[in-house]
Every structure is written in structure tokens, then in C-alpha cells.
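**Student:** Take this structure first; my questions come after.
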Amino acid sequence: MNSSSDIWLKRTSVKLKPHFFFSKKEKRKRKIKLKTHSNLTMPPLRRRHRRRLLAVVAVLLLSTVVAHPAAAAFTELESAQIGRFQDYLRIRTAHPSPDYAAAAAFLLPYAASLGLRAATLHFTPCKSKPLLLLTWQGTDPSLPSVLLNSHLDSVPAEPEQWVHPPFAAHRDAATGRVYARGAQDDKCLPIQYLEAIRGLRDAGFAPTRTLHISLVPDEEIGGADGFEKFAQSEEFRDLNVGFMLDEGQASLTDEFRVFYGDRLVWRLIVTATGAPGHGSKLFDGAAVENLMDCIETIAGFREAQFGMVKSGQRGPGEVVSVNPVYMKAGTPSPTLMQKGPLRDLAGRPMVTPTNASNPWWSVFEQAIKSAGGKLAKPEILSSTTDSRFIRQLGIPALGFSPMINTPILLHDNNEVIDLGLLLFILGYNVMLKLRDVSNPQFLEDKVFLRGIKVYEHIIRALSSFKG
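If you want it as C-alpha cells, here you go:
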């Protein structure tokens, strides 16, 4: 968030009933006034209450610093893995001028060092948007392959909005947070894929199914020159893909989020016609007048959808968002020969089943359990990813990024966390505001490293599946 961390609330009076500070009589009498800037006032506490308060506040303050292993606690391999992650983050692949050549120069030798076969595909005449395809050959290439996908590009970053430069990949030694554009979306994934393969190869594992990793351009701007063309190509058909894993999102809890579908974009232009006439006169059937009925209907539908989100009945990914973009009027048009709907755009939902009817889901779910993880309820992603192109082909795909206990900072600028309201709710007499100013898109090193181990279990399970 770019705004100040101050909590702007109207002046109010609230009864608080801390369960261990006061007797029932005191609970009935005492009140706390909450003013702007989270200034809290409370009648003086008794000495024993004050001692307990100081102890609890001390615990709270200590708990804001997450326990983090010292650098020496990481093995040499883990330190190298974090270093490679940082090196990749320092490559500027943000729009509008992503350096795809530099990303390829980093990733191709990296893959070759692991014994993977690598190919560079081009789907544009200028060959400025490479698609990297890495392959770990399976012992039974006749089986449908497994595809792990990630995109090379990231959204723009405004350096002035960052405390640490967005392409420095700064790592905070106290918290283990690595700050960079793309840290969550989604430069962590290819490094986790490759390091998981390193771990499996070192353990002597050989996949039954062939495993492919696709690293694609232009996902952040729609994927037209990236995965969309790749999915329609002969090269893709030759891969014989049976299942794909793509990017997901971070989870605020200790449960991994998984996405079985994306919300799809449907762009349409509504054109209303009307009788021509001079602007100085009143007449029936003007084009704008005819359009108003349509706009009213759209607005009512939008309000109903938004209302379900506000009330908590539906999540953001479970409704249809409608956002009118522009209006244009007074344009002469040729005579229409036909009126009414031109096409029926209804189609089958492009989702991947998350039940026993889908054996890939069962294998994936079991792999998460074997890694010691828990899955949250499967969701529809509130935005879109490259998974939509492969689901259109009838191939199952899931969105998954192994980031738990992590705030969702995709595309964000600086965020501010204010503990004033938290301390107020707990009933403490605190005249203090604490701020934790963090950068957009950070990922803790220990979360990143755990993700590698999770992918070891996933890759082992999916590539060994013989069903």
C-alpha cells in the first residue's frame, strides 16, 4: 500500500473486556476511547496489571520479529540455491522492455549443468521473444509427459516506490526476506523446479514420464506471443503433454493454495443505433437513449455480483466482474442489415476436476501430503494465467506456488503494517505506533527453500505416475 499507515477512524467509544486484566465489575465500568492515529487512552492500571501488561507487550513486540535461522544455519547447497534465486531476480525482465536474452543466457547453462536438454523456440518474426523448453527424458517416453510452466517476464516496477531497489534482490539478514520485482510472480518457480531436479538426480531418481519445463515470454501482457502460440504449435503437440502445473499465489496461512481454473476475459462492444436528428430538437429513439437500458441492466448485474463479494457469500474469483471502459457517441454508422445476437458465446467451463475422477489430482494431492503440507480448498484464480491456453485443449492444469504464511504481494508497491489497531483490540494501554515497511514482492528464503523440497515430492510423484 502506498498510503500512510495511520488508521483513520471516527471518534468512538468502545467497551473492552480483557479477560485477564479486570474483574467483572471493572469490565462493566471501563471504556476506551479510540481517536484518529490510533491514539489509545485507558484509566491507570494497577501495579500487578501493569507488570503483566509489560510482559505481554514485550512478547508481542518480540513476536513481530519472526524467528529466522542465521545464515550459518543454511547448508552450502541451500546458500547457493538462495544465491541463484537472487541472481535470477537481478535480471531485468520487467515490461515494457524485458531482457529476455539475459534471462536465456542465465537459464540455459543452468539447465545444461543439470543434464537437461534445452531448446529455444521462437514464434515471432523478429525472434525477440524466446520460449525456453527444458526436458528431463523419462524412461518410458510413450507415456504422456508432465509440463511445469513459468513466465520470464514481470510487471513494471517504479524504483521510487521501493525502499530497496526492485532489481537488487536485497536479502534482509534478520528476516530472510528477499525483495525484488518477480520474487513471487513468478521467478521463484523456475529456480525451484531446477533445484528440485538437482535434488532428485543427486538421489539417483529417474523419472518414468518425461518432464518438460517451459519458460515463456509475455504472460504479463496476455501471452499472445508466448504460451498462446506455443500451445497451437507442432512443437507443443510433439510433447504429448498429459498434465501441467503453472503458477499460483501465496497463502497467508499454513495451507497451500491450489487453483483449478482461471477467470477468463470476455471483451465486448455494445452498439446501440437510433434515429438521426438535429441536436436542437427533441425526438424519440436516440442512440444514447436506447443504450441507457443496456447500461442499466449491466449496472444492476454488476451491483449484484459485487454485493456477494462484500457480504462474504462469494470470493473474488467466484463472481463475474464487469467494468465498463469507455463510451463513444455521435458516430454515423452504415445501415444494419441484421439485428440481434450474432453469436452464442456460451461454452463449457475450462476447469480441472479436483476429485477422484481426475487421477492427476489424486497424485498431486498425495504428493503434498507426503511433503508434510496441507492443501486449502481448491479455488478459481481471480486473474488469468497461461493455464487457460492448455485447458482449452482439454489438458488438465493446476495453478500452484509453494508459498505459505506469506502475504500476497503480486504487482504491489510498498505495504505498511500498523500494529496500533491490533494492540487496541487486545486491550492494551499503548501510546505507540509500530510500522513494518516492506517492499512489494518479497519471499522469505526459508519459504523458498521449502518450496524446493515440495517440488521434489511433486515431480517424483507426477513423473512416476503410470496410470
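Terminal number for the sequence shown in the numbering used here: 1217, no gaps in between. Even glycine gets a Cβ: it sits at the ideal position worked out from N, Cα and C.
1) Can you name, in chain order, every residue of its own chain whose Cβ lies under 6 Å from the Cβ of Y929, other than the five neighbours on each side?
2) To the nearest angstrom, report how far apart L1014 and T825 are at their CA atoms.
3) So what does DSSP say about S829, is it helix, strand or coil?
4) Which residue's Cα is closest to the Cα of E978: G1067, K937, R1138?
5) What is the residue span of the beta strand (DSSP E) that W1229 lies within?
6) Buried or exposed: where does D975 fall if 16 or more other Cβ atoms within 10 Å of its Cβ makes it buried?
7) Smallest Cα separation from K1196: which of W1016, D837, Q942, P880?
8) Could you give the first and the last residue of the continuous alpha helix (DSSP H) run that contains F977?
9) Using a threshold of 8 Å, state whether the C-beta atoms of F1150 and L965 are closer than that.
10) Between P1066 and T960, how many whole angstroms is the CB-CB distance? I'm expecting something under 8 Å.
11) Quick check: the stretch 1003-1023 against the stretch 1154-1161, are at least 3 beta-carbon pairs closer than 8 Å?
12) Would you kindly check if the distance between the Cβ of L1199 and the Cβ of V896 is under 8 Å?
13) Should D936 and P848 be called a contact, given that it needs their Cβ atoms to be closer than 8 Å?
14) Please classify F1033 as buried or exposed, where buried requires at least 16 other C-beta atoms within 10 Å of its C-beta.
15) In chain order, which beta strand (DSSP E) runs of at least 3 residues are fully inside the stretch 888-927?
16) Exposed or buried, Y1076, counting other C-beta atoms within 10 Å across all chains shown (16 or more means buried)?
17) Could you tell me the boundaries of the beta strand (DSSP E) in which L1159 lies?
18) So for R1013, helix, strand or coil by DSSP?
19) Tell me which residue opens and which closes the alpha helix (DSSP H) that T870 is part of.
20) Here's a check: name, in chain order, each residue in its chain whose Cβ is nearer than 8 Å to the Cβ of M1087, leaving out the five neighbours to either side.
21) Considering only C-alpha positions, which residue in the set G954, L839, L939, G1011 is nearest to T1135?
22) In its own chain, which residues sit with a C-beta less than 7 Å from the C-beta of A981, not counting the 5 before and 5 after it?
23) Which residues does DSSP list as the beta-bridge partners of Y929?
24) Can you say whether P909 is buried or exposed, counting buried as having 16 or more other CB atoms within 10 angstroms of its CB?
25) Give a yes or no on whether the C-beta atoms belonging to Q836 and E945 are separated by under 8 Å.
26) DSSP three-state label for A1147, please.
27) Count the other C-beta atoms from every protein chain shown that fall within 10 angstroms of the C-beta of S900, then say buried if there are 16 or more, exposed otherwise.
28) DSSP has L995 in a bridge; who is on the other side?
29) Tell me which residues share the same chain as C1044 and place their Cβ nearer than 8 Å to its Cβ, disregarding the 5 neighbours each side in the sequence.
30) Return helix, strand or coil for D844, following the three-state DSSP convention.
31) What's the gap between the Cα of L858 and the Cα of Y1205?
32) Give every residue of the same chain whose Cβ lies closer than 7 Å to the Cβ of A933, excluding the five residues on either side of it in the sequence, and list them in chain order.
33) Who pairs with P835 in a beta bridge, going by DSSP?
34) Tell me whether T738 is buried or exposed, calling it buried when 16 or more other Cβ atoms sit within 10 Å of its Cβ.
35) Can you give me the C-alpha to C-alpha distance between I1048 and F1215, rounded to a whole angstrom?
36) In whole angstroms, give me the CA-to-CA distance for H962 and L871.
**Tutor:** So, from the listed chains and residues:
1) As a working note, residue 929 is residue 179 in the sequence shown. Cβ neighbours of Y929 within its own chain (closer than 6 Å, five residues either side excluded): H914, H920, N1189, F1192.
2) As a first step, residue 1014 must be located in the sequence shown, where it is residue number 264. As a first step, residue 825 must be located in the sequence shown, where it is residue number 75. So the alpha carbons of these two residues sit roughly 43 Å apart.
3) Within the sequence shown, the letter at position 79 stands for residue 829. S829 falls in the helix class under three-state DSSP.
4) Within the sequence shown, numbered from 1, the residue matching residue 978 stands at position 228. Nearest to E978 by C-alpha distance, out of G1067, K937, R1138, is R1138.
5) Residue numbering for the chain in the displayed model covers 751 to 1217; residue 1229 lies beyond these limits and cannot be assessed.
6) Residue 975 sits at position 225 when you count from the first residue of the sequence shown. Under this definition D975 is a buried residue.
7) Counting from one through the sequence shown, the residue named residue 1196 turns up at place 446. It is Q942 whose Cα lies nearest to the Cα of K1196.
8) Taking the sequence shown and counting its residues from 1, one reaches residue 977 at position 227. If you look at F977, you'll find it in the alpha helix (DSSP H) that goes 977-981.
9) As a first step, residue 1150 must be located in the sequence shown, where it is residue number 400. As a first step, residue 965 must be located in the sequence shown, where it is residue number 215. It is not a contact, given that the beta carbons lie outside the stated cut-off.
10) The count along the sequence shown starts at 1 and reaches residue 1066 at position 316. The count along the sequence shown starts at 1 and reaches residue 960 at position 210. So it is not a contact: roughly 37 Å between Cβ atoms.
11) Using a C-beta cut-off of 8 Å, the stretch 1154-1161 makes contact with the stretch 1003-1023, since at least three inter-stretch Cβ pairs fall below that distance.
12) Here residue 896 corresponds to residue number 146 of the sequence shown, with the count starting at 1. Here residue 1199 corresponds to residue number 449 of the sequence shown, with the count starting at 1. Here V896 is not near L1199, since their CB atoms are 8 Å or more apart.
13) Position 186 of the sequence shown, counted from the start, is the residue given in the question as residue 936. Position 98 of the sequence shown, counted from the start, is the residue given in the question as residue 848. Against a cut-off of 8 Å, the Cβ pair of P848 and D936 comes out as no contact.
14) For the purposes of this step, residue 1033 is taken as residue 283 along the sequence shown, with counting starting at 1. So F1033 counts as exposed.
15) If we require 3 residues or more, the beta strand (DSSP E) runs fully inside the stretch 888-927 come out as 895-901.
16) Position 326 of the sequence shown, counted from the start, is the residue given in the question as residue 1076. With a threshold of 16 other beta carbon atoms within 10 Å, Y1076 falls short and is exposed.
17) Walking along the sequence shown from the start, residue 1159 turns up at place 409. Segment: none, L1159 is in no beta strand (DSSP E) and carries neither H nor E.
18) For this step, residue 1013 is matched to residue 263 along the sequence shown. In the structure shown, R1013 sits in coil (DSSP, three-state: anything other than H, G, I, E or B).
19) Taking the sequence shown and counting its residues from 1, one reaches residue 870 at position 120. Per DSSP, T870 lies in no alpha helix (DSSP H) segment; the continuous beta strand (DSSP E) that holds it begins and ends at 867-871.
20) On the sequence shown, position 337 is the one that residue 1087 refers to. Unreliable positioning characterises M1087 in this predicted model, as indicated by a pLDDT of 46, which lies under 50. A coordinate reading is not provided.
21) For the purposes of this step, residue 1135 is taken as residue 385 along the sequence shown, with counting starting at 1. Ranked by Cα distance from T1135, the first of G954, L839, L939, G1011 is G1011.
22) Position 231 of the sequence shown holds residue 981. In the same chain as A981, and ignoring 5 residues on each side of it, the C-beta atoms closer than 7 Å to its own belong to F1139, I1140, L1143, in chain order.
23) Position 179 of the sequence shown holds residue 929. In the DSSP output, where bridge partners are listed per residue, Y929 has H920, F1192.
24) In the sequence shown, the residue the question calls residue 909 occupies position 159. So P909 counts as exposed.
25) If you number the sequence shown from 1, residue 836 lands on position 86. If you number the sequence shown from 1, residue 945 lands on position 195. Contact flag unset, no.
26) Reading the sequence shown from its first residue, position 397 is the one you call residue 1147. Three-state DSSP puts A1147 in a strand.
27) The residue given as residue 900 occupies position 150 in the sequence shown. Per the 10 Å Cβ criterion, buried.
28) Start at 1 with the first residue of the sequence shown, and residue 995 comes out as number 245. Answer is L898, L1148.
29) The residue you call residue 1044 lines up with position 294 of the sequence shown. The beta carbon of C1044 sits closer than 8 Å to the beta carbons of V1020, A1022 from its chain, once the five residues preceding and following it are set aside; these are given in chain order.
30) Your numbering for residue 844 matches position 94 in the sequence shown. Checking the sequence, you will find Ala at residue 844 rather than Asp. Note: A844 maps to strand in three-state DSSP.
31) The residue given as residue 858 occupies position 108 in the sequence shown. The residue given as residue 1205 occupies position 455 in the sequence shown. Approximately 20 Å, taken between the alpha carbons.
32) The residue given as residue 933 occupies position 183 in the sequence shown. These residues qualify, in order along the chain: L839, Q1191, F1192, L1193.
33) Along the sequence shown, read from residue 1 onward, the residue named residue 835 stands at position 85. With the sequence shown as reference, residue 835 is identified as Phe, and Pro is not the correct amino acid for it. Per DSSP, none; premise fails for F835.
34) The question about residue 738 has no answer here: the residues shown for the chain are numbered 751 through 1217.
35) Taking the first residue of the sequence shown as position 1, residue 1048 is located at position 298. Taking the first residue of the sequence shown as position 1, residue 1215 is located at position 465. One C-alpha to the other measures close to 47 Å.
36) Against the sequence shown, residue 962 aligns to sequence position 212. Against the sequence shown, residue 871 aligns to sequence position 121. Answer to the nearest angstrom: the Cα atoms are 14 Å apart.
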